[in-house]
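Residue numbers (my numbering): 275 to 348.
Note that CB positions come from ideal geometry on N, CA and C, so glycine has one too.
Note that this is a predicted model, so its numbers are computed, not measured.
The structure appears right after this line, and notes come after that.
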Amino acid sequence: QKVTGLRASAESVRDTDPPWIYRAIHLRYMFIGRDLQEKQVQRAIELSEEKYCSIYATLRQVVKITNGFEILQD
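What follows is the structure, encoded as structure tokens:
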């Protein structure tokens with residue numbers, strides 16, 4: 275597979291009063307490339323979030339984190 279681009283964005287839900295605690299975060303990934311396979315893209319996301327990202331590992335203990343992705347052909 276050939277990934278030629280990756281974009282990531284996040285949306286969040288926070289309390290309306292100080293200290294504005296985060297309650298939920300939704301991560302959205304856009305993979306751009308040639309012949310990208312959905313199953314392998316999902317696996318890459320799982321590994322990056324659950325195994326290699328210390329921020330994700332810390333936050334997921336106190337905030338609901340979800341994700342989604344889109345694949346665009348280059």
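When DSSP labels each residue in this structure, what does residue i get in the three-state scheme?
i           : result
residue 281 : strand
residue 287 : strand
residue 295 : coil
residue 347 : strand
residue 310 : coil
residue 302 : strand
Taking 8 Å as the cut-off, is the C-beta of residue i nearer than that to any heavy atom in the ligand COA?
i           : result
residue 322 : No copy of the ligand COA occurs in the structure displayed, which carries no ligand at all.
Using CA coordinates, which residue listed in the options is at the minimum distance from residue i?
i           : options            : result
residue 286 : 339, 331, 324, 348 : 339
residue 275 : 301, 308, 282, 296 : 308
residue 343 : 329, 332, 291, 315 : 315
residue 300 : 346, 347, 337      : 337
residue 297 : 321, 335, 278, 313 : 335
residue 278 : 321, 302, 306      : 306
Beta-carbon within less than 6 Å of residue i's beta-carbon, same chain only, minus the 5 sequence neighbours each way: which residues are those?
i           : result
residue 304 : 281, 344
Any idea if residue i is buried or exposed, counting beta-carbon neighbours within 10 angstroms, 16 or more meaning buried?
i           : result
residue 346 : exposed
Looking only at its own chain, which residues have a Cβ that is under 8 Å from the Cβ of residue i, when we skip the five neighbours before and after it?
i           : result
residue 295 : 288, 289
residue 341 : 300, 301, 302, 303, 319, 323
residue 284 : 299, 300, 301, 302
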